[in-house]
Every structure is written in structure tokens, then in C-alpha cells.
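First the structure, in the form of C-alpha cells, and then the observations on it.
2 protein chains.
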Amino acid sequence: MLVSELGEFGIIAHINAQIKRENLPLAPIWDNVIIAIGDDTAVIRNTKEWELATTDCLVQNVHFNLETITWEELGWKAIAVNLSDIGAMGGIPRYALISLTIPPATTVANITELYNGMITIANEFGVAIIGGNIAAASYLAIHVTLLGTSLNKKVLTRAAAKPGDLIGLTGYTGISAAGLAMLNGKLSFEPATIQMLRQAHLKPIPRIREGQLLNSLGITTAIDISDGLIADLTHICETSKVSAVIKEAALPVHPVLKEEFTKSCMNLILSGGEDYELLFTATSARMTRALQMLQGKITVIGKITDQQANPVTIVTPDGKSKRLIHPGWDHFKPK
Amino acid sequence: MLVSELGEFGIIAHINAQIKRENLPLAPIWDNVIIAIGDDTAVIRNTKEWELATTDCLVQNVHFNLETITWEELGWKAIAVNLSDIGAMGGIPRYALISLTIPPATTVANITELYNGMITIANEFGVAIIGGNIAAASYLAIHVTLLGTSLNKKVLTRAAAKPGDLIGLTGYTGISAAGLAMLNGKLSFEPATIQMLRQAHLKPIPRIREGQLLNSLGITTAIDISDGLIADLTHICETSKVSAVIKEAALPVHPVLKEEFTKSCMNLILSGGEDYELLFTATSARMTRALQMLQGKITVIGKITDQQANPVTIVTPDGKSKRLIHPGWDHFKPK
Chain B
81 MLVSELGEFG IIAHINAQIK RENLPLAPIW DNVIIAIGDD TAVIRNTKEW
131 ELATTDCLVQ NVHFNLETIT WEELGWKAIA VNLSDIGAMG GIPRYALISL
181 TIPPATTVAN ITELYNGMIT IANEFGVAII GGNIAAASYL AIHVTLLGTS
231 LNKKVLTRAA AKPGDLIGLT GYTGISAAGL AMLNGKLSFE PATIQMLRQA
281 HLKPIPRIRE GQLLNSLGIT TAIDISDGLI ADLTHICETS KVSAVIKEAA
331 LPVHPVLKEE FTKSCMNLIL SGGEDYELLF TATSARMTRA LQMLQGKITV
381 IGKITDQQAN PVTIVTPDGK SKRLIHPGWD HFKPK
Chain F
81 MLVSELGEFG IIAHINAQIK RENLPLAPIW DNVIIAIGDD TAVIRNTKEW
131 ELATTDCLVQ NVHFNLETIT WEELGWKAIA VNLSDIGAMG GIPRYALISL
181 TIPPATTVAN ITELYNGMIT IANEFGVAII GGNIAAASYL AIHVTLLGTS
231 LNKKVLTRAA AKPGDLIGLT GYTGISAAGL AMLNGKLSFE PATIQMLRQA
281 HLKPIPRIRE GQLLNSLGIT TAIDISDGLI ADLTHICETS KVSAVIKEAA
331 LPVHPVLKEE FTKSCMNLIL SGGEDYELLF TATSARMTRA LQMLQGKITV
381 IGKITDQQAN PVTIVTPDGK SKRLIHPGWD HFKPK
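Residue numbers (the working numbering), protein chains in the order written: chain B, 81 to 415; chain F, 81 to 415.
Below is the structure:
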């Protein structure tokens, strides 16, 4: 069977099962592993605080195109997508390691700009870039590993959603995918719109503070939206063994999507990936506190139910239930 | 200027300077960083023990060729080259994260074999594979980040060599490069020789126990041989601001190199990379203890001197000094 038939999440499940089967019983180090494969970051027990470890990569002509992203934006984004995973655990980012493959025809100025982008966001979030590796290759790839710590031995996971929880979302979804559509389609807008869409797609702001705040409020479930709102909500539902009902009318719609992407608007909101917003679930009382503290930054979009046949149901404004058509991004099963 | 003009180590120095200049002053997290870019692993302060973090990658058609390596060997080697960096610090390996890019036409059986190789060596050295990432790409690449801890807050670094130290080497050098020559040149040998050379190149054994033992003996300087004996000795000399004199007659010569690679033998020993043996320096008293404990596994090959114009001088059997011609592997300045 080809990996393209099994799909990205099938491969991950396959590897996870193999490691659990063949590795777990043998090494005592596993006693310290609180969360392994299957969440936004791994979590390991340490003397005082838990440690978080996560890795993600950006690969030329897969995740980015040098015709539409600057080297500085690329450096920012490579760190941002990893920070987002620490944010989704409500953790504190600490150290980064960078493994690069770069074509020999790259200029030193390119590398300087790349690291400028990385250093800028690292400074912004208190991260030290402590090591890495460089190899020559025919394509550019930036693999980042980010280490962090938990907040008082508490983390937000995908596995803690309970029936009755409300579903909250920071910010807007769909604008990163709209930015990608603009860049690829060379679409023309007002300068402010171009700037906003470009930033949404190329320089996402990881929700580190928001994740820490949710964690400190006693909220226990979150994921960052990298694959798409519905795809990532499905990850929560499958891991927590629950289902979710989303009210389409409750979804936050960015004015630019409404105006400039009218036809594809709802599809972008539900299935556009790389927003790096936080999707979380909370009891009604905790959601109220979150709404008070992160005023105007959180929208309640639905609620968690007992597990149903469909992990996610979307209720349209006319009240009819509908199921999603586009399930989000899978690296091995492109739409 | 192109990165190919600056060279691999020039780029690393450039990035290191940029990070030191622009990042260090801002983030308090840097107070916990004991060793950053420039050694085998980064070292960070923790509550009880120091943490080690290192990353390395294997990229298709750069580091390996699927016509000559099996998927299982590839999995082993991807972890082994990272373990070797923890070994070179005398540390204890703990956790691994795997960031893969794989072509969609890869089979699930390939992935199973790859992880079989990774799990086998992870079990052998008590490592837990706790996370990772998978992305589709046109080529296979395996980026591994390995986390570990120090032994009693002591690490072997590249920076501690002192004039008067003896230079020790575990095992043999050159047989990995000979193995590569065999695989690429389709050379024909006795089955036992083929097996030995294949293992040396494709399934190297990282010197974890040896590094820990050297560390526990109070030895403070080591590097693993990935770029080549002279190249890696040069790294020690430059970082420690010393020079080294190697006696050609003292170098361990594997019988297979002597017999089957007679003409290129000394060149392979001095410049062949990917041996993953440990090169270390120690006072005479500590070297004596190391020789006693690791009987037959260590050879004294020379000594450290005050810094000279040439970092490394090789004394030929006839007593004439000579300087090296092939400085070892640089990703951006191939030989």
C-alpha cells in the first residue's frame, strides 16, 4: 500500500501503533513520557516542570514558494508554526533547533534574512535558538524543533473535550487560505487588504499568550488550526471520543472574506488551513471567564456532544444540519 | 556571496554571530544556555541536570541513495548520527523527534521498515521516540532531533583541549568511507568483508557508552568523527585554540583497508567521514585510565600542542612533518 492511499493521518496512526507495540515495553524512559505522538507537542516529565517538544517543517514548493514569500517572512513562519503548537498546549516556548537543507546557489544575504525573521519572532516570544544543522540539497527546507515547558504541570490537549463543553475560537479562520489564493492567483486588492492577507498567510502570529491564559483559567482542551477549522475540530473529536455541532451563523467572518471572497467565504473559513488560531473547548463557566479576559478575541462557535457517526455537524442558518464536504489538508491526499 | 563560496562552516559561523549579536541581549532564557551553536549538542541548564539537544538529517541523494541502503538501515542511521552527537558530549540520550518528508509513492511497508530501524536502535540506547512531523515532498528526508541529559552536570566539549594532552581515538576510521566506495563502485569482496563495510557505512554504532565512560573519568574534550579524522580534529583545535600533531604510524589501520584499499588507505583513515568514532584529548594520567578501561578500543594517535599556523600536523613514518591535503567534508565545498 502506498502512503498516498493511507493518508497523512493514517501514516501517523500506523507509526504510533508500531512505536507503542515495539518500543514502549522496553525502555524505562517511557515512564517519563506523558504525551507522545498524536497531540500538538510531546510532553515529558521533568524534575520541576513538564517539558514540551514539537517539530514542524516548511519545504520549498510544498509549503512555500520563493516567488511569493520573502526569506525573512519564511524565517518568521518556520518558527511561528512551531510556536503555535506550544501555544496549543498552553505552554511556554524556550529553545529552538533549526535543521536546514539549502541549495548551494543560495546567497549568504538570503540566510541572513532568513535568520532575521527567525530571530525577530524568537525574541518576541523569549525563545533562544540554541543549535541546528545545515546540509546542502537541491531544495530549501527548514525543520524546526521547539522545546518548552508546561505551566504548573498543566497542558491543553486534544483529548479532554467533554459533552456539554462550548467550542471557542480565537481570531478568524480562512484569511491565511485567502492570502494564499491572492498570492497564487496574483489577485489585486487595496494595499491594506493585500498587507493583511499577506501577513495572515506569511507571518502568522502564534497564540502563545492566549494559550497560556486559557490554560491558567483551567481550560484543558485545545488545538491550533493548521489543517483547517473542521479538520482540526475533527482531531479533537476523534481524540476525545466526542462529536461537535458548529453553528454556521456563529462563525466569525472577516470583512475582507465577506467582501472579496464572497463565493468561497464559508469554504475558506471551514477548510482553509494555516490560520494558527486556537480552537478550544470549555465548560460554560470557564468560557465566560475566557470571553471576559480575551475580550473580542474569542468567538463561541458551537458545542461538544456525545459521540455521533459524524465527528462534526454544521448547522446552516436555516437550521438544517449539514455535513462537511472538504475535510481539510492531508499531505498525502491533496484535495 | 553564495553559500557555496562561504562554505558550511563559514555559514555556521555567520549564523552564530548573527544570533549572538541580535538575540542574546534580549531574551532572559539565554541565561540558561550553557553551550549554543558550535559544538556537537546544545547544553541548557535545568533544575537538576543539564539538558542536551541536537539535530541532524539524512537527505535522499545527498546523504544516502535508496539503491544502496535499506529502509531499516536508513532508520538506524538517522538515529545513530544523532546519538553520536550525544555520545560526543558524554551524555545520556533520552527522547527523539522525527521530522520526515516522504514522496507520496513511498509504500507503507517502507515506513514500517524505516521505523523498525529507528525503534531497534532507540531501544538499544534507551531512547523514546516521542513525536514528529510528516510532510509530502518529492524526496525523502529524515530530520531527527535528539534530547538528552548530561552526566552529573559535566559534558565533553570541543573547547577544552590543552597543550600536552594526548589524543585518543575509539575504533577505526576510514571503513565507513571504504564502505561507501564499495557501495558506489559495486566493488566485490569476501562476504564477511562486504558485511563489515556495509555495516560500517550504513549501520554505524554510536559511542554512547564510551562517551559516558570518558566523561566519568574526568576527560573534558571530545568530538564524534562525522566529517573526517583531520577535519574533526581541526574543529577541536580551532575551538580550543591549540594545534595537534598526529603520528601517521600510530593510526589504527583496519586490516580490510590495508588489504583491499591499499592505495587509498591513509587518505580514507585521515579524511573519510561518517565513522562516528570518538576523538578526544586527555592528560596522560586520564588517558592511561581510559586505555585500561576501554582495553583495545582506544588508540593514542598524537598530542595537543600550543597553537601553530597549521591546526593539524601529520608526522610521516620517516619523521618528516607533512600537512594535510584533503580537509574533510564540507556540504557546500565538495572535494
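Built from N, CA and C at the ideal position, the CB exists for glycine as well.
This structure is a prediction, so every number in the text was calculated from the model and none was measured.
Quick one: is Pro-105 (chain B) buried, meaning 16 or more other Cβ sit within 10 Å of its Cβ, or exposed? Note that Pro-105 (chain B) scores a pLDDT of 49, beneath 50, so its modelled location is shaky; the value from the coordinates is reported in the next line. Burial call: exposed.
Taking only beta-carbon atoms, is Ala-312 (chain B) less than 8 Å away from chain F? Note on identity: in this sequence residue 312 (chain B) is Asp, with Ala being the wrong assignment. It does not: the Cβ of Asp-312 (chain B) has no partner Cβ on chain F nearer than 8 Å.
Per DSSP, what kind of secondary structure is Asp-245 (chain F) in: helix, strand or coil? coil
Just how far apart, CA to CA, sit Lys-327 (chain F) and Gly-382 (chain F)? When the Cα atoms are used, Lys-327 (chain F) and Gly-382 (chain F) turn out to be separated by approximately 6 Å.
From the DSSP secondary-structure annotation, give me the bridge partner or partners of Asn-213 (chain B). B:Ser-179
Does the Cβ of Thr-314 (chain F) have 16 or more other Cβ atoms within 10 Å, making it buried, or fewer, making it exposed? By the neighbour-count rule (16 or more Cβ atoms within 10 Å), Thr-314 (chain F) is buried.
Contacts of Leu-82 (chain B) in chain F (Cβ-Cβ under 9 Å): Pro-184, Ala-185, Thr-186, Thr-187, Val-188
Between Ala-158 (chain F) and Leu-227 (chain F), which are expected to be in contact by the criterion C-beta below 8 Å, what is the C-beta distance as a whole number of angstroms? Not confirmed; about 15 Å, so no contact.
Looking at the structure shown, is Lys-400 (chain F) part of a helix, part of a strand, or coil, going by DSSP? coil
Status (buried if at least 16 other CB within 10 Å, exposed otherwise) for Ser-179 (chain F): buried
Compute the distance between the beta-carbons of Ile-349 (chain F) and Thr-250 (chain F), then report whether it is under 8 Å. Not a contact, by the Cβ cut-off of 8 Å.
Could you give the distance in angstroms between the alpha-carbon of Ala-370 (chain F) and the alpha-carbon of Met-169 (chain F)? 16 Å
In its own chain, which residues sit with a C-beta less than 6 Å from the C-beta of Arg-238 (chain F), not counting the 5 before and 5 after it? Asp-119, Ile-303, His-315, Ile-316, Thr-319
Name the chain F residues whose beta carbon is nearer than 8 Å to that of Leu-86 (chain B)? Val-188
Inter-residue Cα distance where the pair is Ala-97 (chain F) and Tyr-356 (chain F): C-alpha separation (whole angstroms): 28 Å.
In whole angstroms, what separates the C-alpha of Leu-246 (chain F) from that of Ile-378 (chain F)? 12 Å
Give, in chain order, every residue of the stretch 386-400 of chain F whose Cβ lies closer than 8 Å to some Cβ of chain B. none
Under the three-state DSSP convention, the category His-334 (chain F) falls into: coil
Consult DSSP for Gln-140 (chain F) and reduce its assignment to one of helix, strand or coil. strand
Say whether chain B places a C-beta atom closer than 8 Å to the C-beta of Ala-97 (chain F). no
Going along chain B, which residues have a C-beta under 9 Å from His-281 (chain F)? Per Cβ cutoff of 9 Å: no residues; His-281 (chain F) is ~17 Å from chain B at best.
Return helix, strand or coil for Lys-157 (chain F), following the three-state DSSP convention. Three-state result, Lys-157 (chain F): helix.
Residues of its chain near Asn-112 (chain F), where Cβ-Cβ distance is below 7 Å and the 5 sequence neighbours each way are ignored: Ile-124, Arg-125
Please report the straight-line C-alpha distance between Pro-184 (chain F) and His-223 (chain B), rounded to a whole angstrom. 19 Å
Interface residues of chain B facing Ala-215 (chain F) [CB-CB closer than 8 Å]: In chain order: Cys-137, Val-139, Val-142, His-143, His-411.
Are the C-beta of Asn-126 (chain B) and some C-beta of chain F separated by less than 8 Å? yes
Beta-carbon of Thr-181 (chain B) versus every beta-carbon of chain F: anything under 8 Å? Yes, Thr-181 (chain B) counts as interfacial toward chain F.
Among F:Leu-82, F:Gly-211, F:Ala-217, which residue has its Cα nearest to the Cα of Ile-191 (chain B)? F:Leu-82
Three-state secondary structure (DSSP) at Glu-131 (chain B)? strand
Best match in B:Gln-375, B:Lys-100, B:Ile-255 for proximity to Asn-347 (chain B) [C-alpha to C-alpha]: B:Ile-255
Could you list the residues in the stretch 219-238 of chain B with a C-beta less than 7 Å from some C-beta on chain F, going in chain order? Contact annotation: in the stretch 219-238 of chain B, residues whose CB is within less than 7 Å of a CB in chain F are Ala-221, His-223, Thr-225, Leu-227.
So Thr-192 (chain F) contacts chain B; which residues on that side make the cut at Cβ distance below 7 Å? Gln-98
Under DSSP, the alpha helix (DSSP H) around Asp-312 (chain B) begins and ends at which residues? Here the alpha helix (DSSP H) through Asp-312 (chain B) covers 309-320.
Any beta-carbon of chain F closer than 8 Å to the one on Ile-159 (chain B)? no
In terms of alpha-carbon separation, which member of B:Ala-329, B:Gln-372, B:Arg-287, B:Thr-121 lies closest to Gly-399 (chain B)? The alpha carbon of Gly-399 (chain B) has as its nearest neighbour, out of B:Ala-329, B:Gln-372, B:Arg-287, B:Thr-121, the alpha carbon of B:Ala-329.
What three-state label does DSSP hand Ala-302 (chain F) in the structure shown? strand
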